[in-house]
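A quick write-up on the structure given underneath.
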């Protein structure tokens, strides 16, 4: 099964305007004196992150970067939270199919719906990208944006991960939460740039990551603006708008942010293009590749996994000397 | 000639991270004691803006709005700077056609190029939207984003308005600059949401308006990500991506910002949908309609003008009690 970006993503509850704190000296590095990354072991990835942040925030450094240009972008699935055994958005999608099934008796005999109703992940995988897009179109459209977001918020309240048996929003990476905070404390504007659906993420992510809606970029379906008895509504259509994966990531960064990031975190081939884009910044830049190596506390996978491909980005990260996080060795704690 | 959003827009030079100032009390209204809008006469529009800002920033007010939700959106052409005798982006487009003409001798005989080369605005108007889109595609594509932005920055350095004989970036409205500052001083995040090309605006607007690239939303053409000898580039294609006008404005606000604004400024029927969208906010909201009534200092036009239509939005503003700025009477100064 290829990496399928539309069916994907997830994170946790949105709300806070970020980055404006009245008592922070954005240009000092004294924050580093209190360990800003306590869940990280004293390893090369941690040391190099702190050195980078110290340098770009030090006005006397040759690699100083003004506040306005301190843009940090992060993939979501596998970079800020887990993505096994499947992108968390797929569990929401399957739940919606089950909810809608009573109105569609014919689904019992039609793929990919049959696979979902029988919880047959193998058959679902066999339907490939086309099948998954069909499921997303069926479940993510035909309602207003507000209704869709409400349904995701309702789902996340009780949904549990199939093996970890905790809410999906508990499967975020504590070391990455600390990194997001650390960057923001140093004047960075933190963005998510994910293959996941943008409204799905917005319904869940802001509170957990401290990233406001307007700094979440993801895949989109088309919408229309309608006046219903004078009340304006934005209604979701069963039609793809843009897949924010692979080359789509730098294209969306350019379109929506309009600046090249100086910090990029990713974990798969889907993130390679935005890492290359970040690395081409004429300012200093930092690329962080999260390598899933912990089969006990999280999951260990790379190269050709059932959820996607990881070999090109991992090889390029090593070849170019980007910072590679070895989750097993580098992180003291994985989940909060 | 219909209002043509792709050919349009303009403003001034981009750069500053906005909204993070360490010594501002976002929730106090003491700023109002020093007149925050000195170029505005003491009229209803000014009074109602200040009352609105006082209310939404006062934690004890029933209409208090938290920082994260203080989103303000503004149209650009005719709302933040002038749009006569044509959207300023058209002058850039025509200049580019003249620059490219030596390589295209056939243009002397082919419309809409012939009209541009002969400076025949009537013939150009007769080509309609189709002709204008063709001109934009010819002049705004086939280069990288960086090259395009550089060409706009080069143009704005010397380009002069045909009758005012000053740089286009001097034809911004001083009262609106004060309003943008005032809103930001009160914790608002200010956005441009314009039919103009997003990269055209980004090349010019940030310094003048204090609005960073990531808060500028506009019309887009498609782009591709390419590796040229290992160097990543984003190349502009001669293909429309999205027209950020009329219903496109709330659609883009929903897609990119993900929150409903509480403040909206506009001046034409192209802004009506985003004003309706803002007015439907369950929080308090403020709609500001700029009515061009000053034939001496600026231009006086409304209803069916050669640059577009204004009757629906003006009528709805009056009917719904939105704030209508009478430029002639309300503004002491128009240009800085």
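Residue numbers (my numbering), protein chains in the order written: chain A, 160 to 495; chain B, 160 to 495.
Where is the CB? At the ideal position from N, CA and C, for every residue including glycine.
These figures come from a predicted structure and were not determined experimentally.
Is there a Cβ from chain A that is less than 8 Å from the Cβ of residue i?
i, result
"residue 440(B)", "no"
"residue 353(B)", "no"
"residue 481(B)", "no"
"residue 384(B)", "yes"
"residue 478(B)", "no"
"residue 227(B)", "yes"
"residue 398(B)", "no"
"residue 304(B)", "yes"
"residue 402(B)", "no"
"residue 217(B)", "no"
"residue 417(B)", "yes"
"residue 361(B)", "yes"
"residue 345(B)", "no"
"residue 410(B)", "yes"
Could you name the residues of the same chain whose beta carbon sits closer than 6 Å to that of residue i, not counting the 5 residues immediately before and after it, in chain order?
i, result
"residue 205(B)", "196, 199"
"residue 445(A)", "211, 422"
"residue 334(B)", "198, 199, 490"
"residue 476(B)", "448, 483"
"residue 294(A)", "252, 271"
"residue 221(A)", "none"
"residue 321(B)", "none"
"residue 374(B)", "350"
"residue 487(B)", "452, 453"
"residue 434(B)", "423, 425, 446"
What residue from the options has the CA that sits closest to residue i's CA?
i, options, result
"residue 356(A)", "486(A), 342(A), 445(A), 300(A)", "300(A)"
"residue 331(A)", "267(A), 247(A), 374(A)", "247(A)"
"residue 383(B)", "406(A), 375(A), 286(A)", "406(A)"
"residue 451(B)", "263(B), 460(B), 295(B)", "460(B)"
"residue 235(B)", "490(B), 250(B), 361(B), 286(B)", "361(B)"
"residue 455(A)", "494(A), 209(A), 272(A)", "494(A)"
"residue 323(B)", "255(B), 437(B), 243(B), 408(B)", "243(B)"
"residue 359(A)", "221(A), 249(A), 237(A), 478(A)", "249(A)"
"residue 396(A)", "404(A), 385(A), 259(A)", "385(A)"
"residue 416(B)", "369(B), 352(B), 442(B), 464(B)", "352(B)"
"residue 424(A)", "338(A), 254(A), 274(A), 325(A)", "338(A)"
"residue 238(A)", "478(A), 409(A), 458(A)", "458(A)"
"residue 207(B)", "481(B), 257(B), 275(B)", "481(B)"
"residue 432(B)", "443(B), 420(B), 267(B)", "420(B)"
Taking the continuous beta strand (DSSP E) assigned at residue i, which residues delimit it?
i, result
"residue 278(A)", "Premise fails: residue 278(A) is in no beta strand (DSSP E) and is neither H nor E."
"residue 341(B)", "Where residue 341(B) is concerned, there is no enclosing beta strand (DSSP E), although the alpha helix (DSSP H) it sits in stretches over 333 to 344."
"residue 363(A)", "Premise fails: residue 363(A) is in no beta strand (DSSP E) and is neither H nor E."
"residue 400(B)", "390 to 401"
"residue 231(A)", "230 to 233"
Does the CB of residue i have a neighbour CB from chain B at under 8 Å?
i, result
"residue 388(A)", "no"
"residue 432(A)", "yes"
"residue 475(A)", "no"
"residue 436(A)", "yes"
"residue 379(A)", "yes"
"residue 222(A)", "no"
"residue 393(A)", "yes"
"residue 444(A)", "no"
"residue 484(A)", "no"
"residue 188(A)", "With a pLDDT of 47 at residue 188(A), under the threshold of 50, the modelled position of this residue cannot be trusted; read the value that follows with caution. Chain B, which has no Cβ nearer than 8 Å to the Cβ of residue 188(A), makes this no."
"residue 169(A)", "Bear in mind that the predicted position of residue 169(A) carries a pLDDT of just 25, short of 50, making it unreliable; the figure below should be weighed with that in mind. So, not an interface residue."
"residue 244(A)", "no"
"residue 414(A)", "yes"
Excluding sequence positions up to five away, which residues of its chain have a Cβ less than 8 Å from the Cβ of residue i?
i, result
"residue 223(B)", "214, 215, 216, 217"
"residue 340(B)", "195, 369"
"residue 187(B)", "Unreliable placement is indicated for residue 187(B), whose pLDDT of 44 sits below 50; the coordinate value is still reported in the next sentence. So the list reads 216, once near-sequence residues are dropped."
Ends of the alpha helix (DSSP H) at residue i?
i, result
"residue 446(A)", "Counting along the chain, residue 446(A) falls outside any alpha helix (DSSP H), though it belongs to the beta strand (DSSP E) covering 445 to 452."
"residue 411(B)", "407 to 411"
"residue 212(B)", "203 to 216"
"residue 292(A)", "287 to 299"
"residue 431(B)", "431 to 438"
"residue 310(A)", "304 to 317"
"residue 479(B)", "470 to 479"
Could you name the residues of the same chain whose beta carbon sits closer than 7 Å to that of residue i, not counting the 5 residues immediately before and after it, in chain order?
i, result
"residue 418(B)", "228, 230"
So which residues of chain D does residue i contact, with C-beta pairs closer than 9 Å?
i, result
"residue 366(A)", "Among the protein chains in the structure shown, which are A and B, there is no chain D."
(request) Check whether the segment 316 to 330 of chain B touches the segment 193 to 201 of chain B, taking contact to mean three or more Cβ pairs, one atom from each stretch, closer than 8 Å. (result) The segment 316 to 330 of chain B, when compared against the segment 193 to 201 of chain B, does not touch it at the 8 Å Cβ threshold.
(request) Could you tell me whether the segment 221 to 230 of chain B touches the segment 338 to 354 of chain B, using the rule of 3 or more Cβ pairs below 8 Å? (result) yes
(message) Three or more C-beta pairs under 8 Å: does that hold for the segment 371 to 378 of chain A against the segment 398 to 417 of chain A?
(response) Contact between the segment 371 to 378 of chain A and the segment 398 to 417 of chain A is established, with three or more Cβ pairs separated by less than 8 Å.
(message) Any contact between the segment 427 to 437 of chain B and the segment 467 to 486 of chain B? By contact I mean 3 or more CB pairs, one from each, below 8 Å.
(response) Yes, since at least three Cβ pairs between the segment 427 to 437 of chain B and the segment 467 to 486 of chain B fall closer than 8 Å, the two stretches touch.
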